[in-house]
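In my numbering, the protein residues as written are 16 to 319.
Glycine residues also receive a C-beta, built at the ideal position from the N, C-alpha and C atoms.
In this text, all values refer to a predicted model and were calculated from it rather than measured experimentally.
Taking it in order: structure first as structure tokens, then the write-up.
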Amino acid sequence: MPKKVYPANRAHPRYWGAWLGIGLMRAGALLPWRLKLALGRGIGLLSWKLAKRRRHITDTNLALCFPELDDSQRAELVRKTFVANGIGILETATGWCRDPEHLRHRVTFRGTEHMERAMAQGKGALIIGIHFSTLDLGGALHSLFFPADVVYRPHDNPVFEDFMTRARRGIFGAAIDRHDLRGVVRRIKSGHAVWYSPDQDFGREASVFAPFFGVPAASIKLTAKIARMTGAPVMPLMFHRNPDNRTYTLEYLPPLTGFPSGDDVADATQVNAFIEQAIRRHPEQYLWLHRRFKTRPPGDSSFY
Numbered sequence: 016m017p018k019k020v021y022p023a024n025r026a027h028p029r030y031w032g033a034w035l036g037i038g039l040m041r042a043g044a045l046l047p048w049r050l051k052l053a054l055g056r057g058i059g060l061l062s063w064k065l066a067k068r069r070r071h072i073t074d075t076n077l078a079l080c081f082p083e084l085d086d087s088q089r090a091e092l093v094r095k096t097f098v099a100n101g102i103g104i105l106e107t108a109t110g111w112c113r114d115p116e117h118l119r120h121r122v123t124f125r126g127t128e129h130m131e132r133a134m135a136q137g138k139g140a141l142i143i144g145i146h147f148s149t150l151d152l153g154g155a156l157h158s159l160f161f162p163a164d165v166v167y168r169p170h171d172n173p174v175f176e177d178f179m180t181r182a183r184r185g186i187f188g189a190a191i192d193r194h195d196l197r198g199v200v201r202r203i204k205s206g207h208a209v210w211y212s213p214d215q216d217f218g219r220e221a222s223v224f225a226p227f228f229g230v231p232a233a234s235i236k237l238t239a240k241i242a243r244m245t246g247a248p249v250m251p252l253m254f255h256r257n258p259d260n261r262t263y264t265l266e267y268l269p270p271l272t273g274f275p276s277g278d279d280v281a282d283a284t285q286v287n288a289f290i291e292q293a294i295r296r297h298p299e300q301y302l303w304l305h306r307r308f309k310t311r312p313p314g315d316s317s318f319y
């Protein structure tokens with residue numbers, strides 16, 4: 016599919032939707048907390064009713080990963096997933112558009128000693144983040160305790176890309192294009208911590224097949240490659256919205272041991288095991304709406 020060509024003039028009508036979206040995000044970030052939650056729930060429930068394709072993808076993912084659930088339990092988890100991700104839109108707006116300092120009273124950070132010990136080695140660190148609905152707010156809350164850079168996927172729309180990049184640079188030390196491996200390695204070797212989320216399907220060439228909830232999933236090889244190139248500790252980070260829907264918990268675990276091992280499948284399996292462990296704490300907050308099992312081993316048919 017040819018890449019979209021966007022006008023150079025940022026005032027072009029083609030960008031009006033993006034400008035409106037940015038304005039709504041800025042306004043949403045300023046709402047009182049209770050109103051944010053109500054609006055987020057409303058967005059999630061509306062999406063749950065209308066987004067049939069995404070609902071099917073979510074249901075398929077959950078059926079694969081939680082076969083122990085019956086149909087009614089899985090249907091309820093699908094609904095909760097949409098609600099959590101609706102709230103996540105307002106959390107993202109808050110993370111991008113507000114000073115995270117005003118949320119310090121809402122966050123508990125555990126396992127900080129693991130990160131302090133890792134950074135004391137002077138080799139930088141590779142932080143394993145996860146695509147929860149709280150992802151961007153989690154990054155903002157993390158910045159209250161530890162500085163970090165972030166690896167991200169640039170947005171196709173240049174207006175939204177400018178907004179998103181400025182927002183992330185306000186949270187993180189640097190926002191690095193996911194294709195810029197040299198930039199990631201350079202920042203880590205200079206002693207920085209880099210936040211990287213390896214839990215999406217980037218296709219066959221970039222991946223090996225490793226179990227994810229017991230299902231072979233295309234799993235990125237780059238995590239182990241970066242660790243091998245830098246010698247940096249790989250730090251698992253969990254972050255969730257607590258059941259009260261008002262507070263958050265971030266927690267570092269000890270660095271992965273024996274990583275990288277030199278076996279891409281074993282390394283991807285170890286990373287996936289941590290991600291699965293984190294998801295099982297609050298499965299509704301994960302981004303089940305994307306096709307995690309899109310790329311299949313040769314001969315396998317599509318789940319979707």
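Query raised in the report: Starting from W34 and walking both ways along the alpha helix (DSSP H), at which residues does that stretch end?
Result: The count along the sequence shown starts at 1 and reaches residue 34 at position 19. Looking at the DSSP string, the run of the alpha helix (DSSP H) that includes W34 is W31 to A44.
Query - Sequence-distant residues of its chain with Cβ nearer than 7 Å to A33 (five each side left out) - result: In the sequence shown, residue 33 corresponds to position 18, counting from 1. Non-local beta-carbon contacts of A33 in its own chain, meaning distances under 7 Å to residues more than five positions away in sequence, involve N172, V174 and F175 in chain order.
Query - Separation of T96 from L150, as counted between CA atoms - result: If you number the sequence shown from 1, residue 150 lands on position 135. If you number the sequence shown from 1, residue 96 lands on position 81. For L150 and T96, the distance between alpha carbons rounds to 14 Å.
Query raised in the report: Taking the continuous beta strand (DSSP E) assigned at T123, which residues delimit it?
Result: Locating residue 123 in the sequence shown gives position 108, where the first residue counts as 1. Annotation for T123: the continuous beta strand (DSSP E) segment containing it runs V122 to R125.
Query raised in the report: What is the DSSP secondary structure of P173, reduced to helix, strand or coil?
Result: In the sequence shown, the residue the question calls residue 173 occupies position 158. In this structure, P173 counts as helix in the three-state DSSP scheme.
**Report entry** Proximity to R56 [Cα-Cα], best of N287, L105, A283 and H170
**Finding:** In the sequence shown, the residue the question calls residue 56 occupies position 41. With distances taken between Cα atoms, R56 lies closest to L105.
Query raised in the report: Does DSSP put P264 in a helix, a strand or coil?
Result: Position 249 of the sequence shown, counted from the start, is the residue given in the question as residue 264. At residue 264 the sequence reads Thr, which differs from the Pro that was named. T264: strand per DSSP, three-state reduction.
**Report entry** Under 8 Å between C-beta atoms of V166 and R193
**Finding:** Along the sequence shown, one-based indexing puts residue 166 at 151. Along the sequence shown, one-based indexing puts residue 193 at 178. The Cβ atoms of V166 and R193 sit closer than 8 Å to each other.
Query raised in the report: When burial is assigned at 16 or more other CB atoms within 10 Å of the CB, is P251 buried or exposed?
Result: Numbered from 1 along the sequence shown, position 236 holds the residue referred to as residue 251. Buried, because 16 or more other Cβ atoms sit within 10 Å of the Cβ of P251.
Report task. Could you tell me which residues DSSP puts in a beta bridge with H255? Result -> As a first step, residue 255 must be located in the sequence shown, where it is residue number 240. Answer is T264, bridged to H255.
**Report entry** Proximity to V280 [Cα-Cα], best of N76, S317, A44 and P226
**Finding:** Position 265 of the sequence shown, counted from the first residue, corresponds to residue 280. Nearest of N76, S317, A44 and P226 to V280, Cα basis: P226.
Query raised in the report: By DSSP, does S87 sit in helix, in strand, or in coil?
Result: Translated into positions along the sequence shown, residue 87 becomes position 72. Three-state result, S87: helix.
Query - Other residues of its chain near F160: CB distance less than 7 Å, five sequence neighbours each side excluded - result: What you label residue 160 is simply residue 145 of the sequence shown in a count that begins at 1. Residues of the same chain with a CB within less than 7 Å of the CB of F160, apart from the 5 flanking positions on each side, are F124 and T127 in chain order.
Query raised in the report: Quick one: complete beta strand (DSSP E) runs, 3+ long, within the segment 99-164?
Result: Fully enclosed beta strand (DSSP E) runs of 3 or longer: 122-125 and 140-143.
Query - Residue from L60, M179, V249 and F178 whose Cα sits closest to the Cα of W210 - result: By 1-based counting over the sequence shown, the position of residue 210 is 195. Of the residues L60, M179, V249 and F178, the one whose Cα lies closest to the Cα of W210 is V249.
Query raised in the report: Alpha carbon to alpha carbon, what distance is there between G277 and F178?
Result: Reading the sequence shown from its first residue, position 163 is the one you call residue 178. Reading the sequence shown from its first residue, position 262 is the one you call residue 277. Put simply, the backbone Cα of F178 is about 39 Å away from that of G277.
Requested in this report: Apply the 10 Å Cβ neighbour rule to P258 and answer buried if 16 or more other Cβ atoms are within range, or exposed otherwise.
Outcome: For the purposes of this step, residue 258 is identified with residue 243 of the sequence shown, where counting begins at 1. Under this definition P258 is an exposed residue.
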